[in-house]
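Undergrad: Our numbering numbers the first residue of the sequence shown as 41 and each following residue consecutively.
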Amino acid sequence: MSINFTDNLNSKLLEIKQVSRTRKGGRHRRFRVLLAIGNYQGWVGIGIGKAITVMEATEKARVSALKHIYYFNITHSGSILSYTEAKFKKTKIILKPLSIGKGLIVPSLLRKILELIGYRNVWGVLIGSNNKLNMLRATLEALLKLNTKVKVTI
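(1) Cα separation between LYS107 and ILE86?
(2) Any heavy atom of the ligand HEM inside 7 Å of the beta-carbon of MET95?
(3) Alpha helix (DSSP H) containing ARG160: first to last residue?
(4) Excluding sequence positions up to five away, which residues of its chain have a Cβ less than 7 Å from the Cβ of ASN187?
(5) Find the nearest neighbour of SER117 within the set GLU99, LEU149, ILE109, GLY158, judged by alpha-carbon distance.
(6) Please confirm whether ILE109 and VAL162 have their CB atoms less than 8 Å apart.
(7) Going by beta-carbon coordinates alone, are LEU138 and ALA182 separated by less than 8 Å?
(8) If you draw a straight line from the C-alpha of ILE56 to the C-alpha of ILE153, how long is it?
(9) Let me check understanding here. Comparing Cα to Cα, which of GLY141, LYS90, ILE145, ILE167 lies closest to ARG70?
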């Protein structure tokens, strides 16, 4: 039996940010897009894309997300296996499993990621900086601590 993670693949736009770099001729403006893809069955991919237009940046982020796919275990109750925490720079994430029917009690960015993975009952809190990229990296680090490390690259 082969596992095809592209079945039922959905994407969510996490952030669109205008960034600029000052050059000799003036400011050079670009867009940075943070995108997540997942199939609600444990697979999730995270991508970042930069370009002059939002559409180009979104396409680059989608390609990047397809290159960086992770798999996470989901319990029967739709939760994580156990308590976990992780820190990335000044952002700290704490995640705890919940029983069936409690829902996702987490910050909005974490909710999008955990829904794409397929988690339904998780409690989480963010301590420190709420930079979206750092929050995302801290979350992935916390979830990878629980997992047997499986990373699929295409």
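Think of the CB as a built atom: it goes at the ideal place given N, C-alpha and C, for glycine as much as any other residue.
TA: If we stick to the structure as given:
(1) Taking the sequence shown and counting its residues from 1, the one referred to as residue 107 is at position 67. Taking the sequence shown and counting its residues from 1, the one referred to as residue 86 is at position 46. The straight-line gap from Cα to Cα measures roughly 8 Å.
(2) What this structure holds is no ligand at all, so the ligand HEM is not there to describe.
(3) In the sequence shown, residue 160 corresponds to position 120, counting from 1. No alpha helix (DSSP H) holds ARG160; DSSP gives it neither H nor E.
(4) Position 147 of the sequence shown, counting from 1, holds the residue named residue 187. PHE112, ASN113, listed in sequence order.
(5) In the sequence shown, counting from the first residue as 1, residue 117 sits at position 77. Closest option to SER117, Cα to Cα, is GLY158.
(6) Counting from 1 along the sequence shown, the entry for residue 109 is found at position 69. Counting from 1 along the sequence shown, the entry for residue 162 is found at position 122. No, they are not a contact pair.
(7) By one-based count along the sequence shown, residue 138 stands at place 98. By one-based count along the sequence shown, residue 182 stands at place 142. No, these two residues do not count as a Cβ contact at 8 Å.
(8) Reading the sequence shown from its first residue, position 16 is the one you call residue 56. Reading the sequence shown from its first residue, position 113 is the one you call residue 153. In a straight line, the C-alpha of ILE56 is about 16 Å away from that of ILE153.
(9) Taking the first residue of the sequence shown as 1, we reach residue 70 at position 30. Measuring from the Cα of ARG70, the nearest candidate turns out to be LYS90.
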